[in-house]
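>
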Amino acid sequence: MKTTIRAIGNSQGITIPKPLLAELGVSLGDPVDVSFKDQTLVVTKVASEYDLSTLIAQCDLDAPEPPDIHPWRTATPLGNEA
703 MKTTIRAIGN
713 SQGITIPKPL
723 LAELGVSLGD
733 PVDVSFKDQT
743 LVVTKVASEY
753 DLSTLIAQCD
763 LDAPEPPDIH
773 PWRTATPLGN
783 EA
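In this note's numbering, the protein residues as written are 703 to 784.
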């Protein structure tokens, strides 16, 4: 797809067609990383960052433990495991 460099305030930019945004999995307001490699402008979706409390809040604390958990519970720590 072709697009045109346009003035955006004191900068220049391009518009990205919706089908390309959808293929990349981003929408308006999502962070992206822009880089330049081998004469190509590369736009990459930025992976979401989660904090531990957000991840724990998504856990089902009533879910049954997997049957192979016992060796993990009784193993001796090898490093800096929490």
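We put the CB at the ideal spot given by N, CA and C, even for glycine.
Quick caveat: nothing in here was measured; it's all calculated off a predicted structure.
Since residue 730 and residue 736 should fall inside the 8 Å C-beta cutoff, what is the C-beta to C-beta distance between them, to a whole number of angstroms?
Counting from one through the sequence shown, the residue named residue 730 turns up at place 28. Counting from one through the sequence shown, the residue named residue 736 turns up at place 34. Actually they do not touch by this definition, with Cβ atoms about 16 Å apart.
> In the DSSP output, what is residue 714 paired with across the bridge?
Locating residue 714 in the sequence shown gives position 12, where the first residue counts as 1. In DSSP, residue 714 forms a bridge with 709.
> Leaving aside the five residues before and after residue 746 along the sequence, list all residues of the same chain whose C-beta is less than 6 Å from its C-beta, in chain order.
Working through the sequence shown from its first residue, we reach residue 746 at position 44. Closer than 6 Å at Cβ, skipping near neighbours: 735.
> Measuring alpha carbon to alpha carbon, tell me which of 750, 711, 708 ends up nearest residue 727.
The residue given as residue 727 occupies position 25 in the sequence shown. It is 750 whose Cα lies nearest to the Cα of residue 727.
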